[in-house]
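Enquirer: Numbering (full-length UniProt numbering), first residue to last: 1 to 477. Every residue, glycine too, gets a C-beta built ideally from N, C-alpha and C. Okay, handing you the structure first.
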Ligand code: NAD
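This is the structure in structure tokens:
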């Protein structure tokens, strides 16, 4: 089912010339689904050349016409949502329902960016003489190199593609090699929507080879990466050597502050829904649950009961609430977080073991009474595991929530609106969600502070990373 010509360069599909490949594995069964050929040096060079030519055409296309192509692509994604979701579930493991929601939400992101592209305004600046006309004019920054991970195979690339193209940039996109069908489907949608050749190019290959070739390439003018903090730091350092602007959407370790004036059952249910979505492989997944001491025990019991009742299975089974982990690395990582917590003296209140013996299934795991030195409290777990800890005062919980170098999302459940506002202001994160679960909508900005990265995707900010302001002052001859 996987194309044997998965690279898309200058409007045409081709096989990778490297002679190497990635085996695509179904995480629910461990069976091989196909082989993905890798780009060689010639493919990379062709892609950068095509992106430069594409930029020359696309940046001079009117915002109105660009918007029409984007909207047509969004419509194709919607029409093909069932097929795209089915292949995403096969390769990544998430329940089909979540996969379908992701495709439809991604189409909405494309529509949002298409409209934002029509509202990129030039600003007039009064001159110091009446005959001087001057403007600050946003221009597309140029061809972009974008790198996206496997956890949201459609929406991660779409956030970058839609915003860059709406701003008038071209792109070389390298999605994760482990979930290639989604990136291929995105490009097919834009191709069929009439996107000119070279504007969007797609590569798969050895990630380090691709990024270390494209980032220094003088034809590439901007870098956008979503993935882990260590890789983000490497790519940002490389980009800095060539003075290229970056957007970095990196990991998080989201605190959840549960004050003792909220209903335990409803709160546990809301947090569990956010926690176990996509098997917890989400950068804004709630991971450190701080529960005020009065309700701590009841909360641990309610949350553990919910975790233990989750129905695990292959994503294509419509009764499945949580699928397998996306790859074997995640499985061994979550196993080692659990073992480390156990050895540190924590109590495993739910899960804590593999589920079944085929595929990458791990039982939703709740770890209570976690000692401060457990790795689970300092490293991003990125899976279906959560730490629950008691706290006493507002001041104390803010300090503990802010103690890590991460700063992506935070959550709070509090019936006291004044305190909630005060705490939200004190949290060192890019996003705070109060009395509800995770939010990532086309119209809202998404991104982090501290080591979670910089730059924003979505919202009125979506196109900003792809624009640069030119100042023009025009005096009469
Ligand atoms: P990883 O760091 O090896 O890879 C993360 C992503 O970066 C992958 O898509 C990979 O293809 C890409 N990548 C890796 N090295 C690269 C390079 N030199 N140049 C360009 N791209 C490169 O980790 P992993 O095992 O795939 O995922 C585990 C960790 O990644 C998690 O612990 C989590 O912190 C992080 N992650 C974060 C997000 C996110 O949305 N922020 C998504 C997926 C993974």
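1) Using only CA atoms, which one of 377, 24, 76 lies nearest to residue 189?
2) Just checking residue 44 against the ligand NAD - is the residue's beta carbon closer than 7 Å to any of the ligand's heavy atoms?
3) Closest by CA to residue 170, which one among 49, 286, 391?
4) Identify the residues that DSSP records as bridge partners of residue 478: which are they?
5) Does residue 201 pass the burial test, meaning 16 or more other C-beta atoms within 10 Å, or should it be called exposed?
6) When the distance is taken between beta carbons, is residue 368 closer than 8 Å to residue 347?
7) Is it the case that the CB of residue 227 approaches a heavy atom of the ligand NAD more closely than 7 Å?
8) Cβ of residue 283 versus every heavy atom of the ligand NAD: is any distance shorter than 7 Å?
9) What residue range does the alpha helix (DSSP H) around residue 159 cover?
10) Which value, in whole angstroms, describes the spacing of the CA atoms of residue 182 and residue 153?
11) Less than 7 Å separating the Cβ of residue 241 from some heavy atom of the ligand NAD?
12) Going by DSSP, what residues sit across from residue 413 in a beta bridge?
13) At which residue ranges does the stretch 343-413 contain complete alpha helix (DSSP H) runs of 4 or more residues, listed in the order of the chain?
14) Got a sec: does the ligand NAD put a non-hydrogen atom nearer than 7 Å to the Cβ of residue 208?
15) Any heavy atom of the ligand NAD inside 7 Å of the beta-carbon of residue 56?
16) Which residues mark the beginning and the end of the beta strand (DSSP E) in which residue 9 is found?
17) What is the rounded straight-line gap between the Cα of residue 224 and the Cα of residue 397?
18) Mapping DSSP to helix, strand and coil, what is residue 172?
19) Beta-carbon within less than 7 Å of residue 260's beta-carbon, same chain only, minus the 5 sequence neighbours each way: which residues are those?
20) Between the Cα of residue 220 and the Cα atoms of 117, 56, 69, 119, which residue gives the shortest distance?
21) Exposed or buried, what is residue 275 when buried is set at 16 or more other beta-carbons lying within 10 Å of its beta-carbon?
22) With DSSP run on the structure shown, which of helix, strand or coil describes residue 54?
23) Just to confirm, is the Cβ distance from residue 302 to residue 265 under 8 Å?
24) Evaluate the contact criterion for the stretch 409-427 versus the stretch 372-380: three or more CB pairs, one atom per stretch, below 8 Å.
25) How many Å lie between residue 532 and residue 448 at the Cα?
26) Can at least three beta-carbon pairs, one atom from the stretch 202-216 and one from the stretch 58-73, be found at a separation below 8 Å?
27) Could you check whether residue 113 and residue 162 sit closer than 8 Å to each other, using their CB atoms as the reference points?
28) Taking 8 Å as the cut-off, does the stretch 18-35 touch the stretch 87-95 (at least 3 CB pairs, one atom from each stretch)?
29) Within 7 Å: the Cβ of residue 362 and any heavy atom of the ligand NAD?
30) Which residue wins for smallest C-alpha separation from residue 429, given the options 328, 401, 199?
31) As a quick exercise: from 203, 460, 298, 262, pick the residue whose alpha carbon is nearest that of residue 51.
32) Below 8 Å on the Cβ atoms is my guess for residue 229 versus residue 451; work out the distance and round it to an integer in Å.
33) If we ignore side chains and look at the alpha-carbon of each, how far apart do residue 256 and residue 197 end up?
34) What's the C-alpha gap between residue 318 and residue 282?
Expert: Here's the rundown:
1) As a working mapping, residue 189 is identified with position 189 in the chain shown. The shortest C-alpha separation from residue 189 is found at 76.
2) Within the chain shown, the letter at position 44 stands for residue 44. Flag unset: Cβ of residue 44 not near the ligand NAD.
3) Your numbering for residue 170 matches position 170 in the chain shown. Nearest option by C-alpha distance: 49.
4) The structure shown does not extend to residue 478, since the chain is modelled only from 1 to 477, so the question has no answer here.
5) Looking up residue 201 in the chain shown gives position 201. Buried, since its Cβ has 16 or more Cβ neighbours within 10 Å.
6) Taking the chain shown and counting its residues from 1, one reaches residue 347 at position 347. Taking the chain shown and counting its residues from 1, one reaches residue 368 at position 368. Cβ distance < 8 Å, so residue 347 and residue 368 count as in contact.
7) For this step, residue 227 is matched to residue 227 along the chain shown. At least one heavy atom of the ligand NAD is nearer than 7 Å to the Cβ of residue 227, so yes.
8) For the purposes of this step, residue 283 is taken as the residue at position 283 of the chain shown. The answer is yes for residue 283.
9) Here residue 159 refers to the residue found at position 159 when the chain shown is read from its first residue. First-last of the alpha helix (DSSP H) with residue 159: 155-167.
10) Residue mapping note: residue 182 aligns to position 182 of the chain shown, counting from 1. Residue mapping note: residue 153 aligns to position 153 of the chain shown, counting from 1. Distance between the alpha carbons of residue 182 and residue 153 is about 6 Å.
11) By one-based count along the chain shown, residue 241 stands at place 241. Answer for residue 241: no, Cβ out of range of the ligand NAD.
12) Taking the first residue of the chain shown as position 1, residue 413 is located at position 413. Bridge partners of residue 413: 258.
13) Annotation: the stretch 343-413 contains the following complete segments of the alpha helix (DSSP H) (minimum length 4 residues), in chain order: 394-401.
14) To locate residue 208, count along the chain shown from 1; it is residue 208. Because some heavy atom of the ligand NAD lies under 7 Å away, the Cβ of residue 208 counts as near it: yes.
15) Along the chain shown, one-based indexing puts residue 56 at 56. Residue 56 Cβ: outside cutoff for every heavy atom of the ligand NAD.
16) Taking the chain shown and counting its residues from 1, one reaches residue 9 at position 9. Going by DSSP, residue 9 is part of the beta strand (DSSP E) stretching over 7-9.
17) Here residue 224 refers to the residue found at position 224 when the chain shown is read from its first residue. Here residue 397 refers to the residue found at position 397 when the chain shown is read from its first residue. In a straight line, the C-alpha of residue 224 is about 33 Å away from that of residue 397.
18) Along the chain shown, read from residue 1 onward, the residue named residue 172 stands at position 172. Here residue 172 sits in strand by DSSP.
19) Translated into the one-based positions of the chain shown, residue 260 becomes position 260. Cβ neighbours of residue 260 beyond the five flanking positions: 292, 294, 295.
20) Along the chain shown, read from residue 1 onward, the residue named residue 220 stands at position 220. Measuring from the Cα of residue 220, the nearest candidate turns out to be 56.
21) Within the chain shown, the letter at position 275 stands for residue 275. By the 10 Å Cβ count, residue 275 comes out buried.
22) Position 54 of the chain shown, counted from the start, is the residue given in the question as residue 54. Helix, per DSSP.
23) In the chain shown, counting from the first residue as 1, residue 302 sits at position 302. In the chain shown, counting from the first residue as 1, residue 265 sits at position 265. Yes, these two residues count as a Cβ contact at 8 Å.
24) no
25) There is no way to answer for residue 532, as the model of the chain reaches only from 1 to 477.
26) no
27) Within the chain shown, residue 162 is the residue found at index 162, counting from 1. Within the chain shown, residue 113 is the residue found at index 113, counting from 1. Yes. Within cutoff.
28) yes
29) Your numbering for residue 362 matches position 362 in the chain shown. Outside the cutoff, so no.
30) Position 429 of the chain shown holds residue 429. The candidate whose alpha carbon is nearest that of residue 429 is 401.
31) In the chain shown, residue 51 corresponds to position 51, counting from 1. Taking only the C-alpha atoms, the option nearest residue 51 is 203.
32) On the chain shown, residue 229 is found 229 positions in, with the first residue counted as 1. On the chain shown, residue 451 is found 451 positions in, with the first residue counted as 1. Between residue 451 and residue 229 the Cβ distance is about 5 Å, and since that is below 8 Å, they are a contact.
33) As a first step, residue 256 is located in the chain shown; it is residue number 256 there, counting from the start. As a first step, residue 197 is located in the chain shown; it is residue number 197 there, counting from the start. Cα to Cα, the separation comes out at about 46 Å.
34) Residue mapping note: residue 318 aligns to position 318 of the chain shown, counting from 1. Residue mapping note: residue 282 aligns to position 282 of the chain shown, counting from 1. Their backbone Cα atoms lie some 21 Å apart in a straight line.
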